[in-house]
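Structure first, commentary second.
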Ligand code: NAD
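In the working numbering, the protein residues as written are 534 to 1018.
Dropping the structure here:
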């Protein structure tokens, strides 16, 4: 087992640095509640040196050829895959997610992003636009400059890579701030990028809470901010960035619908509902937490679901047999338990779970509520824990109206064997990321992101390039220049 203690709290200008004057941030292993490491929040002078390093490194990094930049990113992807075991153990200690999951979903998806954008780096081009009389315009795709990445605690390695890979491929540099709940994994990403040949200052990591994030966002040396976090934080960060007209990507929260029609393959729908509510103990932004089930099959769906939940193995997430881990923190566990109490108080019926698990650590049982109605708090607010709400519906028209009646719009899914209906339904969803007969897959090749309050911009895929670069338009005159006088 790896030792989770980092070499130091921050990675700036190609080296680990620390300043014990910064507020201490204990790293708690969620399965035991015990401290396993400690970092210090970045002090103003460290924040300044990270931004100065990123600014200094940017012109030379952008001046390198795309293939050269891409080669470094792809080398980092290979190193991450070689070290998947130790990175997965670290991710599990940082977050409490089962090693069974982290071995296949975290460092590996980070490596996918570095490989994908490493490949794209060589193919970034502008265009040639022919005009009358031989004149033409060409466009240059240019880097934005210094980007700030701010992460949530549910996917620390993946978020660091999903932001760094497209940013760096386009010739930007980055200062990344992980969540204060999970400060360890991004430091390893920085270390590996350096080992892969990344020039000093191109990717920096500073730890700290919201104040450190706000200091980065408000600094005039920063050209773009990419946040993964909650909607309230997103509104603050977006407003602060807007004051200096900075580019933003906002990957925020959701309360996504999953609609199961009576003709669906029930086992597939139950699998989708499990993946979309209990993976990472429910701490996934795109989760389909409002499961609308057509009335005729509701009983069959609920009994199949309750049977399947008995197979969940709750325990130490470092044990490969365990498939369900704790909440990331005591605070998050208490938020979830309060929502469960609220659901009971509002009259929803518990079909499974409903309690804190009887063991040390921050475990909440996988919980299913039936008889949920649209007005209940548990059906309207993002819980960010293992709590599924099952709502009954009669008709397609009715369910579409109800599914879209939310301020959020991150994801949505439908289970049906009717091909025409499947496409009609996803066309009607007010959501950025949709699924037909599956839920929560997020391959790097596909755009990912939300509409409405769930966000701005897209991560992954070629779309992300548009959010980490801008287009300069150059008019070239071939004919004579005519002037009125
Ligand atoms: P959070 O909003 O509390 O914090 C997110 C990050 O923002 C943290 O690093 C935090 O330190 C920082 N922050 C807080 N205040 C700030 C400020 N004023 N200025 C700058 N930075 C600030 O979110 P969380 O609790 O860490 O994560 C859970 C939330 O993230 C959920 O709402 C979830 O849906 C969302 N999320 C979204 C996606 C997505 O891709 N759409 C992915 C994962 C998580």
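The beta-carbon is built from N, C-alpha and C at its ideal position, and this holds for glycine as well.
Next item on the list: May I have the straight-line CA-CA distance separating residue 611 from residue 857, to the nearest angstrom?
Entry: Cα atoms of residue 611 and residue 857: separation of roughly 29 Å, rounded to the nearest angstrom.
Check: By DSSP, does residue 818 sit in helix, in strand, or in coil?
Finding: Reduced to three states, the DSSP call for residue 818 is coil.
Note to self: Going by DSSP in three states, residue 914 sits in which element: helix, strand or coil?
What the structure shows: Residue state, collapsed to three classes: coil.
Check: Just reading off the beta strand (DSSP E) that residue 664 is part of, what are its end residues?
Finding: No beta strand (DSSP E) contains residue 664, which DSSP labels as neither H nor E.
Check: For the candidate residues 767, 805, 977, whose alpha-carbon lies nearest to that of residue 986?
Finding: Per the Cα distances, 767.
Check: Is the shortest distance between the beta-carbon of residue 993 and the beta-carbons of chain C less than 8 Å?
Finding: Here chain C cannot be found, since the structure has a single protein chain.
Notebook entry, point to check: Taking 7 Å as the line, does the beta carbon of residue 863 fall inside it for any heavy atom of the ligand NAD?
Noted result: Incorrect: residue 863 has no Cβ contact closer than 7 Å to the ligand NAD.
Check: If you pair each beta-carbon of the region 618–632 with each one of the region 706–719, do three or more pairs fall below 8 Å?
Finding: Taking a cut-off of 8 Å for Cβ pairs, the region 618–632 and the region 706–719 touch, as three or more such pairs fall below it.
Notebook entry, point to check: Mind checking whether residue 847 and residue 739 have CB atoms under 8 Å apart?
Noted result: Between residue 847 and residue 739, the C-beta spacing is not below 8 Å.
Notebook entry, point to check: Is residue 565 helix, strand or coil by DSSP?
Noted result: Three-state result, residue 565: coil.
Note to self: Just to confirm my understanding: we take residue 919, look at its own chain, exclude 5 residues before and 5 after, and list those with CB closer than 8 Å. What are they?
What the structure shows: Once the five neighbours on either side are set aside, the close Cβ partners of residue 919 are 810, 811, 814, 815, 857, 869, 886, 897, 898, 899, 900.
Next item on the list: Report the residue ranges of all alpha helix (DSSP H) runs contained in full by the region 891–974; include only those spanning at least 4 residues, in chain order.
Entry: Taking 4 residues as the shortest admissible run, the region 891–974 contains the following complete alpha helix (DSSP H) segments, listed from N- to C-terminal end: 910–913, 929–937, 952–961.
Item checked: Among 536, 691, 964, 909, nearest to residue 820 - alpha-carbon criterion -> The option with the nearest alpha carbon to residue 820 is 964.
Next item on the list: Compare the beta carbon distance of residue 823 and residue 922 with 8 Å and say whether it is the shorter of the two.
Entry: In terms of Cβ geometry, residue 823 and residue 922 form a close pair [threshold 8 Å].
Next item on the list: Let me know the secondary structure DSSP gives residue 991 once reduced to three states.
Entry: Residue 991 carries a coil assignment under DSSP once its states are collapsed to helix, strand and coil.
Notebook entry, point to check: Would you call the CB atoms of residue 860 and residue 563 closer than 8 Å?
Noted result: Result yes, Cβ atoms of residue 860 and residue 563 sit closer than 8 Å.
Margin query: Assuming contact is defined by CB atoms lying nearer than 8 Å, are residue 706 and residue 679 in contact in what I supplied?
Written below: With contacts defined as CB atoms closer than 8 Å, residue 706 and residue 679 qualify as a contacting pair.
Note to self: For the ligand NAD, I want to know if residue 772 counts as a neighbour, meaning its beta carbon is within less than 7 Å of at least one of the ligand's heavy atoms.
What the structure shows: Not under cutoff, so the answer is no.
Margin query: For the region 794–810 against the region 932–949, do three or more pairs of beta-carbon atoms, one drawn from each stretch, fall closer than 8 Å, so that the two count as touching?
Written below: Touching, yes.
Checklist line | Close beta carbons around residue 910, own chain, < 6 Å, minus the five adjacent residues each side | finding: Leaving aside the five residues that flank residue 910 on each side, the residues in its chain whose CB is nearer than 6 Å to its CB run, in chain order, 875.
Margin query: What I want to know is whether the C-beta of residue 688 ends up closer than 7 Å to one or more non-hydrogen atoms of the ligand NAD.
Written below: Result yes, Cβ under 7 Å from the ligand NAD.
Note to self: Tell me which residue opens and which closes the beta strand (DSSP E) that residue 680 is part of.
What the structure shows: Residues 679–683.
Check: How big is the Cα-Cα spacing for residue 878 and residue 904?
Finding: Distance between the alpha carbons of residue 878 and residue 904: 13 Å.
Next item on the list: Put residue 749 into one of helix, strand or coil per three-state DSSP.
Entry: Of the three classes helix, strand and coil, the one that applies to residue 749 here is helix, per DSSP.
Check: The beta strand (DSSP E) spanning residue 548 covers which residue range?
Finding: Element bounds for residue 548: 548–550.
Item checked: Inter-residue CB distance, residue 958 and residue 783 (contact presumed, cutoff 8 Å) -> At roughly 26 Å, the Cβ-Cβ gap does not stay under 8 Å, so residue 958 and residue 783 are not in contact.
Next item on the list: Pick out the complete alpha helix (DSSP H) segments inside the region 568–641, 4 residues or longer, and give them in chain order.
Entry: Taking only runs of at least 4 residues, the alpha helix (DSSP H) segments lying wholly in the region 568–641 are 577–596, 599–615, 617–628, 632–638.
Checklist line | Delimiting residues of the alpha helix (DSSP H) encompassing residue 698 | finding: Residues 689–702.
Item checked: Endpoints, the alpha helix (DSSP H) within which residue 873 is located -> Here the alpha helix (DSSP H) through residue 873 covers 863–878.
Margin query: If you reduce the DSSP assignment to three classes, tell me which class residue 754 lands in.
Written below: In the displayed model, residue 754 falls within coil according to three-state DSSP, outside both helix and strand.
Check: At a cut-off of 7 Å, is residue 977 close to the ligand NAD when judged by its beta-carbon and the heavy atoms of the ligand?
Finding: Not a single heavy atom of the ligand NAD lies less than 7 Å from the C-beta of residue 977.
Notebook entry, point to check: If you follow the alpha helix (DSSP H) that residue 804 is part of, which residue opens it and which one closes it?
Noted result: For residue 804, the uninterrupted alpha helix (DSSP H) run begins and ends at 799–811, by DSSP.
Item checked: Under the three-state DSSP convention, the category residue 840 falls into -> DSSP places residue 840 in helix when its eight states are reduced to three.
Item checked: residue 784 - containing beta strand (DSSP E), residue span -> DSSP places residue 784 inside the beta strand (DSSP E), whose first and last residues are 780–784.
Item checked: residue 583 versus residue 545 - alpha carbon distance -> Going by the C-alpha atoms only, they are around 5 Å apart.
Item checked: Nonlocal neighbours in the same chain, by C-beta distance under 8 Å from residue 670, ignoring five residues either side -> Closer than 8 Å at Cβ, skipping near neighbours: 661, 662, 664, 1006, 1007, 1008, 1009.
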